[in-house]
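4 protein chains.
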Amino acid sequence: MDEFNLDKPREECGVLGVWSPEPVDVAGLLHLGLFALQHRGQEAAGIVVSDGKEVRLEKDLGLVSQVFTPERLAKLQLEGARLGIGHVRYSTTGSNLRFNAQPLTVRSSKGILAIAHNGNFVNALEIRQRLLSEGAVFQTTGDTEVMINLIARYSQLSLVEATARAMRELKGGFSITLMNRQTLLAFRDANGVRPLVIGRLENGGYVFASEPVVFPLIGAQFVRDVRPGELVWVSTETGELESRQVLEPAPTPCAFEWIYFARSDATLDGIDVHAARIRLGEELAREAPVEADVVVPVPDSGIGAAIGYSRASGIPFDYGLYKNPYAGRTFIQPTQEARALKVKLKLAATSAVRGKRVVLVDDSIVRGTTSGRIVRMLKEAGAREVHVRISSPPIRYPCYYGIDTAARKQLIAATHSVEEIRAYIGADSLAFLSEPGVKRAIGGPVCLACFNGLYPAGQPDGELEKLALEDT
Amino acid sequence: MDEFNLDKPREECGVLGVWSPEPVDVAGLLHLGLFALQHRGQEAAGIVVSDGKEVRLEKDLGLVSQVFTPERLAKLQLEGARLGIGHVRYSTTGSNLRFNAQPLTVRSSKGILAIAHNGNFVNALEIRQRLLSEGAVFQTTGDTEVMINLIARYSQLSLVEATARAMRELKGGFSITLMNRQTLLAFRDANGVRPLVIGRLENGGYVFASEPVVFPLIGAQFVRDVRPGELVWVSTETGELESRQVLEPAPTPCAFEWIYFARSDATLDGIDVHAARIRLGEELAREAPVEADVVVPVPDSGIGAAIGYSRASGIPFDYGLYKNPYAGRTFIQPTQEARALKVKLKLAATSAVRGKRVVLVDDSIVRGTTSGRIVRMLKEAGAREVHVRISSPPIRYPCYYGIDTAARKQLIAATHSVEEIRAYIGADSLAFLSEPGVKRAIGGPVCLACFNGLYPAGQPDGELEKLALEDT
Amino acid sequence: MDEFNLDKPREECGVLGVWSPEPVDVAGLLHLGLFALQHRGQEAAGIVVSDGKEVRLEKDLGLVSQVFTPERLAKLQLEGARLGIGHVRYSTTGSNLRFNAQPLTVRSSKGILAIAHNGNFVNALEIRQRLLSEGAVFQTTGDTEVMINLIARYSQLSLVEATARAMRELKGGFSITLMNRQTLLAFRDANGVRPLVIGRLENGGYVFASEPVVFPLIGAQFVRDVRPGELVWVSTETGELESRQVLEPAPTPCAFEWIYFARSDATLDGIDVHAARIRLGEELAREAPVEADVVVPVPDSGIGAAIGYSRASGIPFDYGLYKNPYAGRTFIQPTQEARALKVKLKLAATSAVRGKRVVLVDDSIVRGTTSGRIVRMLKEAGAREVHVRISSPPIRYPCYYGIDTAARKQLIAATHSVEEIRAYIGADSLAFLSEPGVKRAIGGPVCLACFNGLYPAGQPDGELEKLALEDT
Amino acid sequence: MDEFNLDKPREECGVLGVWSPEPVDVAGLLHLGLFALQHRGQEAAGIVVSDGKEVRLEKDLGLVSQVFTPERLAKLQLEGARLGIGHVRYSTTGSNLRFNAQPLTVRSSKGILAIAHNGNFVNALEIRQRLLSEGAVFQTTGDTEVMINLIARYSQLSLVEATARAMRELKGGFSITLMNRQTLLAFRDANGVRPLVIGRLENGGYVFASEPVVFPLIGAQFVRDVRPGELVWVSTETGELESRQVLEPAPTPCAFEWIYFARSDATLDGIDVHAARIRLGEELAREAPVEADVVVPVPDSGIGAAIGYSRASGIPFDYGLYKNPYAGRTFIQPTQEARALKVKLKLAATSAVRGKRVVLVDDSIVRGTTSGRIVRMLKEAGAREVHVRISSPPIRYPCYYGIDTAARKQLIAATHSVEEIRAYIGADSLAFLSEPGVKRAIGGPVCLACFNGLYPAGQPDGELEKLALEDT
Ligand SMILES: Nc1ncnc2c1ncn2[C@@H]1O[C@H](COP(=O)(O)OP(=O)(O)O)[C@@H](O)[C@H]1O
Ligand SMILES: Nc1ncnc2c1ncn2[C@@H]1O[C@H](COP(=O)(O)OP(=O)(O)O)[C@@H](O)[C@H]1O
Ligand SMILES: Nc1ncnc2c1ncn2[C@@H]1O[C@H](COP(=O)(O)OP(=O)(O)O)[C@@H](O)[C@H]1O
Ligand SMILES: Nc1ncnc2c1ncn2[C@@H]1O[C@H](COP(=O)(O)OP(=O)(O)O)[C@@H](O)[C@H]1O
Ligand code: SF4
Ligand code: SF4
Ligand code: SF4
Ligand code: SF4
Ligand SMILES: [Mg+2]
Ligand SMILES: [Mg+2]
Ligand SMILES: [Mg+2]
Ligand SMILES: [Mg+2]
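Protein chains in written order, with the numbering used here: chain A, 481 to 952; chain V, 481 to 952; chain H, 481 to 952; chain X, 481 to 952.
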């Protein structure tokens, strides 16, 4: 496997697009918006803007605040800027993926195109092979380049037609914003796996974003979610929103967005995230009650479910774990002992657990090592019992739609029973929320494939994937 | 006023010291320890280590994780290292204060001395003038250099004697760790205004630290607090802790440590911080009850008091404000509008407040602008009423003992009544905890000078300060 | 014109390739080699290596010494590395061209390809248009991507065949090194405008490089120049050098390489650069003699011609201009006055010119402003007369083969007579070497197009270029 | 030895001072001036400016162009700036000496003082001990802090009087610029070992600098050298230059300034550097003639002497060694082989030496390793014979006056005869210029202590130095 393969095929991201009827500080709006989407991707950030003629791009590895220095933002200042797209990218790989940051910009038969992409295509490899054999070249191994090449091949079609055609060819779970010098488009896969919402600027312009949390920051109002299988764009003539239902909608949005990934102040597909997390905790209390003195969240992602658990059980909520806000990229000697330290650097038990029977609430268990260390920490701080409650089912399968749930062999629940996990993490009891419990709490049809292996939007051809690793 | 005056006279910091009977990775221990004290100072960090002969220093502006790169830590690796001190420094000033980072190291008649300092001397200027007239030179305007010069002047005395002598001359609120090539010392002002604790390493060595939160990280056990007016050191002969009660103790530790500054997992002078914050919230609920639907903290510092308020009042606790963990140093155009944005970048209302009568709990109000913006944010998100409850009294006076409570004219409570502040921040009601309430909640004698102007450890001579600004 | 157009169409570069029969430190060899070619490109540097399976790339803006930090070199360490290519890039544009640094790597029907390129294609735009209409996408506006797409289109041909086919389609002046996971190729345009040489490693491996100056550094022996129109590669079976004369050779190597661009210790196409520069100076002395006391070079590029002038004229050579070796990227306020300063920061008159009649020898005049400032500097330092002698003809036309001779309107000789230039630079006399003089001194057929407008390797279609600026 | 001792006691530097009767861009003038003095110190640079009230300082490790970014220069912009000093610092040590960069600024009984220093005091340690025992503390081990403490002790005297008093106490070779908020002073040791010159700005202001090469850059005229033992300052009342001959002058300026250190366009103590270097080469040709075909300098420092040798011998001068201007801080694996590479990275033989008997001229031999590698390089390039001629005597003793001639045991001539050195470097013959030859060429009384061990300005007390290393 070479450097180009380091490009992880599965990654969570945030996408954004802005279109204004009159010149505005597009780069400034995108910058603020990306900042609100920062939780969806910490590895790289990028912005493309255009005034209808010139196109400017700045992107790099790093947080939004690191990439967009005053100098970089100044370079994006186009007097007559009217549209642009932005991207934040998540990746767990350590390698230098600078050249894979998004948006991706290309020159094509349709002029300059820029694209920002969240999610994955399950048939990207097949289409890539076809394009390669037709003479195409690729500079990355990512799906995004496949999409853009596909659109460019339809050189006789308009951008909207070519995009609709490409949507029909690519399967999977994804949300995308796309632009040329004048037009802004956005679309969502037929299952609506990844979120995408529409907002309206005060001046009548439009915003497309992964989550509605960007709107308050840039003075936009929420309009509606993009529908599964829908392609939307802003008409360059009328300035109005146009829409085409390219694919039959079969909505199964990703349950993990409500469980863990989305911001708690977001509302996705009509369902409020914070409220859903509280309901997840309430369901969990009903499904897996326990006698205890205090409910303690693993901060910050476990807070909503912990409040729900406390409410439904009547056991008082308390802050039993201090979270060091500076726990980030400290250099620690990479020894075994040091890895144990990482949890201690991030979390510390407060007096709230001393002498108590503790219900520890978290959103999910991936490898289980962190959970184990927290349980030990609470016990060392004097907790009498620690009952771990997880507001989602055991993760047993990979996600092919853009969320990195870690390699299968690292997923503790893929190879261990709940009782084995309990023993491993040293808890007095352990319970996961059931799939029906998740459905009840979220309250709509959802993808649960990483829990049950049933992939609503298809899954990659294993043979092809193996071939790809060997590389033509 | 020149660059040297940019050195803010009041600043919060964290200090640390480690002494081991045998060679250990002193730099590694100090590095971890400073990381746990990061909340006490984000502007600069520094470490000095010694093996009894060689002394090495690394310090710079930045967070602990930025200053201590692998390269820098490698430079601090002394084979036989047995003692060292560390420092984190807080400062609100924007200027380049690189040369003022601590520890400060000097060569003196007593060999090399290194010092790390938290707090302030109220009579530093007087002593500085005296030393200047005797021919001393100073490279900073800070108090630390005054202390070290004072010790050096007693060239005929031992280090312990000279330090005790210096303790008698300097008034104020401070905690200090000090070392030469062999000996580690630590001391605390007569009022014990700033915290300082003693821990013991597994190998029998000693640790002195601003808060006990460093101990779990480095495998140390809490021994006791350093007493007000006490000088402690580790005997180089016996390796045992030695102590001298240099000054009559008159304990009035800083109330603000429990209200806001210390980590919630700390216990200072026998009083648990998290528990104290819950009691502060409970007192507040008793003193200032209100009919409401939900208690919402301003995260993170308001959480403890909000839980207390919820418990005492019976009104449910909920997470009504999402805190963006990436809200740090993003570059925003410094316009008026932009300043308003900063709060929106950091906080966003969740669905928990929609249609609700909200009790918003925070630890303190400084200028009131943040509070006003949060109140507005909650109302825009659908809160019917917002009742602000503050778990400390109005801040009306400057702190001369090392906490930057902002200039007097910026303190809204110094010039406005509670009703005026309420109107300014747009709350439906506003209440501060009373001084007796604070005392009851903390449960011991405390400094409350920034609330009531009664300075237990003295206050600087105003005339002298004015002269100093003009500079000799 | 947008950002992508900032990609300057004409630029000088250095290329390199290494192939070894057994694993060696390919990255180390390329690193040293690029260092020796640094004068050919200071804006960016890059290295690609492969062990036959994995391919690793590191490239960035900056000097070789800035790009290749120990960390970056470590990333290029492939245990079994056996081949690789390298590139240094020259550019006068100030924009962020990070994504245009070379080598360029793509995945294609032929697997991974990497290419490093010096020079330009005159018909790149035509071919680009054709490829675009066939559905290709381009991420840069550079010629290199055109070449690589062309090769990839011949998906049915072997790499050698496809490259030969591409060579036949592209016109202009260029030298290229190209590799896939196993094979290293190199080729030169039919006129051999840009230099390219072959060397042999001690272990039997091969090196292709822009100039032979890399060989002593990496322990290689010079073998021969690549012939104009020749394609060479190392057989993966025999490890021997293979060659195909793809195009009829019509040698007219760039005269500017001997006049100014190449290193003085290089020998290109059998002609020694230092010796050629001395002969250029001797010819100049014969064509344009003058009564004077001292011959002074503009360091460093004028030294060879000055020595020649001194020898042929008998006038003593002296060092009349000190060159500050630190004159680089100092920040000077960009005022008019400041631009004048730049020459003073770089050069200063020594006592050698005081009271003397000076012959000032330089290699070329581009805009004439520098020359003017040097003449003034010498006069201020007491030179009685300054006679400027230039060892090349007036530059009147653009170069389409990879050397940035500045835009036509900036070329002082394009719009002014020699007498006008003399007056402009304030010299007592001025003479340029004649075209026949250049030919005699170099002693072979050469391109002189930037002097006489006769382009031996063709010239771009003006209409197409205009269209391109408007962008499809 | 600890970090503080890493501070090398001997180092070459450049000093600068500017005083203007009216507000000017003092920082801009100092910045340009330091740039011209860059050859005197590449490790650190600093500037202090004042408007009579405020004092601003910026200094850091690095070249002038690295330290003085636009941001840093902006910070030094004081509306009414009228005076300032600057410093460049040379050091061969690799450690982080950031805190030792100059100018050094202190607050003292005389207000703020800033000092920039070139050279060394031979009795610094004695005085330091005295000050320590009086209670002084030092933050560096450098001489500069000793000087400033000494001045500060005379708290009852005016700045001029106190400085004069300090001059009388400190022995050695040094040049210093010194300022408080209003006054600029400069002085030179009694032997005038280190250079110091006076220039006049167009507006009537004054400039003090290590070499006159700064004057053309900042529009100043050379006035005269500061006399050995003279203290000069600009009267704050009249704006005129004041002078006091504090010490009896005994002029023995450093011969090495003319041999190697100073810029070739400088004139020091009335003697032109370039002309002196040519005379050194002429003397060398007379003392050590040889039959040969070409005279080749080791660029750049050997050029002057090579021209002189060529003139006096009649053997043609040629450029036999190309010098790579980018040879700087490239990272090379630190192996034995690699060290050999360093010379190859920097120098390469041109065709000028092929088949020739070469006279290789350099200014000095320190360790001899570089010379040896150059001789081999020339032979490999085809030189038939290589006769090395050095335009100074063998260096056998350390310099105590500020030039780092390397530790005694590294000086090849300290332990080897000329014939042994010849054999070591592989030359066909080797000759050094004699001491009388140096004196004749320079034409005035000079220090030659590093050649003959006779120290005109005294030498440190060896016993004290040993004690210091053990540190009190
Ligand atoms: N896709 C994901 N990417 C990153 N973090 C996640 C993801 N899913 C869950 N998490 C977080 O990881 C934590 C799971 O902890 P745990 O199961 O102990 O795993 P680990 O051993 O990897 O730390 C949860 O607190 C959750 O917040
Ligand atoms: N000494 C201090 N330094 C920094 N932050 C503080 C300090 N004291 C209190 N705070 C924080 O400042 C907030 C006070 O907010 P507010 O009164 O609205 O002030 P401001 O207008 O300055 O933002 C509290 O939430 C508290 O966490
Ligand atoms: N293609 C080129 N790129 C960069 N420098 C060049 C090039 N050709 C010549 N030079 C250098 O530019 C100098 C020309 O100086 P001059 O004619 O005064 O031009 P300018 O006014 O642009 O400085 C020559 O000394 C030569 O070394
Ligand atoms: N004090 C000095 N600091 C730095 N370089 C010097 C000094 N004195 C002489 N040089 C340079 O060092 C070179 C001496 O070379 P050489 O004797 O071979 O020493 P080395 O073996 O250390 O390289 C001379 O070319 C001269 O330019
Ligand atoms: S597999 Fe899991 S993470 Fe992926 S989309 Fe479905 S629910 Fe979400
Ligand atoms: S004045 Fe206030 S902040 Fe300062 S020590 Fe006293 S209580 Fe603490
Ligand atoms: S046009 Fe000039 S610079 Fe270009 S290749 Fe020909 S001779 Fe060289
Ligand atoms: S000892 Fe040598 S280097 Fe030092 S001042 Fe004297 S001549 Fe100069
Ligand atoms: Mg979590
Ligand atoms: Mg707060
Ligand atoms: Mg030149
Ligand atoms: Mg030299």
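We put the CB at the ideal spot given by N, CA and C, even for glycine.
DSSP lists X:E710 as the beta-bridge partner residues of Q725 (chain X). In the three-state reduction of the DSSP assignment, E865 (chain X) falls in the strand class. L910 (chain V) and R869 (chain V) have their alpha carbons spaced roughly 6 Å apart. Rounded to whole angstroms, Q662 (chain A) and N580 (chain H) show a C-alpha spacing of 25 Å. The shortest C-alpha to C-alpha distance from K590 (chain V) to any of V:V726, V:H867, V:E534, V:N660 is the one to V:N660. Selection X:D540, X:V529, X:L764, X:G615 evaluated against I592 (chain X) yields X:V529 as nearest (Cα-Cα). Following the DSSP letters along the chain, one finds D623 (chain V) inside the alpha helix (DSSP H) bounded by residues 623-633. Within the region 826-860 of chain X, the complete beta strand (DSSP E) segments of 3 residues or longer fall at 827-829, 837-842, listed in chain order.
Interface flag for D908 (chain X) against chain H is unset, since no Cβ pair is found closer than 7 Å.
The beta-carbon of A632 (chain H) is placed less than 7 Å from the nearest beta-carbon of chain A. Nearest in C-alpha terms to V823 (chain A), of all of A:S831, A:R834, A:Y806, A:K836, is A:Y806. Contact of H567 (chain X) with chain H by beta-carbon distance below 7 Å is absent, the smallest such distance being about 16 Å. DSSP places T620 (chain A) outside both helix and strand once states are collapsed to three, so it counts as coil.
Assignment of V602 (chain H) by DSSP, reduced to helix, strand and coil, places it in the coil class. For T643 (chain H), the enclosing alpha helix (DSSP H) has its first and last residue at 639-649. Taking the CA atoms as reference points, L658 (chain X) sits about 6 Å from L664 (chain X). A buried status is given to A524 (chain X), since no fewer than 16 other beta-carbon atoms sit within 10 Å of its beta-carbon.
Taking 7 Å as the threshold, the shortest C-beta distance from S744 (chain H) to chain A does not fall below it.
Rounded to whole angstroms, L891 (chain X) and V498 (chain V) show a C-alpha spacing of 44 Å. When V:A929, V:A921, V:S872 are compared, the shortest CA-CA separation from Y880 (chain V) is found for V:A929. Contacts between N629 (chain V) and chain X, judged by CB atoms closer than 9 Å, involve G615, A616, V617 in chain order. The Cβ of I739 (chain V) sits no closer than 7 Å to any Cβ of chain A. Against chain H, the CB of L697 (chain X) has a partner CB under 7 Å away; the residue lies at that interface.
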